[in-house]
Amino acid sequence: MKLLDKTVNFSGAKLALISNGKILTILHDAIPTIPYPNMWDLPGGGVRILKLPLIVRHVSAMRS
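Residue 0 is where the sequence shown starts when you use numbering that gives the first Met the number 0, and the numbers rise one by one after that.
Have a look at this one:
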């Protein structure tokens, strides 16, 4: 099965953070049992209620 053959239901948010012409991305671990192993992604995730403080904390943690 190819990655693009999969349908995924997602409720949450992704964030494109661009600084000095560079975009912040994350690389998923290469563990075959996790979703999208060893693939690049944008920071974000599932949330019940989208709140700005949650996004700020997440981005701050990613940049540390």
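By construction, the Cβ of each residue, glycine as well, lies at the ideal position given by its N, Cα and C atoms.
Where Asp40 and Ser59 are concerned, what is the direct C-alpha to C-alpha distance, given to the nearest angstrom?
Taking the first residue of the sequence shown as 1, we reach residue 40 at position 41. Taking the first residue of the sequence shown as 1, we reach residue 59 at position 60. Each residue's alpha carbon lies about 17 Å from the other.
Cutting at 6 Å between CB atoms, please list the residues of its own chain near Met38, excluding the five before and the five after it.
Numbered from 1 along the sequence shown, position 39 holds the residue referred to as residue 38. Cβ within range, chain order: His27.
Can you give the Cα-Cα distance for Met0 and Thr32, rounded to whole angstroms?
Here residue 0 is taken as the residue at index 1 of the sequence shown, counted from 1. Here residue 32 is taken as the residue at index 33 of the sequence shown, counted from 1. Residue confidence for Met0 is low, a pLDDT of 46 falling below 50, so the modelled location carries little weight; the figure read from the coordinates is stated next. The straight-line gap from Cα to Cα measures roughly 15 Å.
Bridge partners - Leu26, DSSP secondary structure assignment
Against the sequence shown, residue 26 aligns to sequence position 27. Beta-bridge pairing links Leu26 to Trp39.
Given Leu14, which residues of its chain have a CB within under 7 Å of its CB, disregarding the five upstream and five downstream residues?
Counting from 1 along the sequence shown, the entry for residue 14 is found at position 15. The residues are Leu41, Pro42, Gly43, Ile54 and Val58.
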